[in-house]
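A short worksheet on the structure shown next.
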Amino acid sequence: IPSRYFWRTLYVYTYVYTYIHLYVRLYIRLYIHLYVHKFIHTFVRTFIHMFVHTFIHMFIRTYVYICMSRGIPEAALGHTYTYIHTYVHTYVYTYVYTYVYTYIHLYIRLYICLYVHTFIRTYVYTYVYTYIFFYVRLYIRLYIRLYVHLYVHKFIHMFVHTFIHTFIHTFVHTFIHTFIRTYVYTYIYLYVHTFIHTFICTYVYSYVHTNVYIYVYTYIRLYLRSYITKEGKGKEILEKS
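Heads up: the sequence shown is residues 8 to 248, going by the working numbering.
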């Protein structure tokens, strides 16, 4: 059964991370990048480049060129070359380049890059990344955390703790330790102690007491009694003894 830590982790990952972090990040990417950055970039390219740069360039090429050309003799320059070349160049450069190329370029950058690319990027980032990748990643992480941590880790921990620890502790402590204690205490201590105490000590004590004390002391005592009685000497000693 999933614990409270699992459900708390699921809640934090799902609601806090998804709905706060991603939407704040999406809001920053969408509104700031789309409207602020693109508007500033469009304003710079449209108004500054089209009206300032083109106007200065058109003014220099058209009016300065025409005014300077008027000081040159008509035979060398000619009205046809002056007005046709100047107006054609001005018309081509002004209308074709400024209005056609600039608006097409602006349209491509503005509408295609701004709405199409940004919409695709936003759509891909929002729906694909957020709802597919994030949820797949979320469920993968949750399944990994749930099953791996809960079942594998807990199983390994339970296996190690229960089987290995219990078996080793039971085997080592119960079998080996108890066997060693039993063997050492029973066979070595009891038999050795019993052997030494019972056999050697009792045997030595019995032997010394029997042979040395009884046989030696008794025979010496009997011999002395028999000898003293037989010889008739020392009756006072026997009576005292």
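Glycine is no exception: its CB is placed at the ideal position from the N, C-alpha and C atoms.
Using DSSP with H/G/I as helix, E/B as strand and the rest coil, what is residue i?
i      : result
Thr169 : helix
Tyr234 : helix
Ile163 : helix
So that I know if they touch, is there some Cβ in chain B lying closer than 8 Å to that of residue i?
i      : result
Thr217 : Although the question refers to chain B, the structure presented lacks it and comprises just one protein chain.
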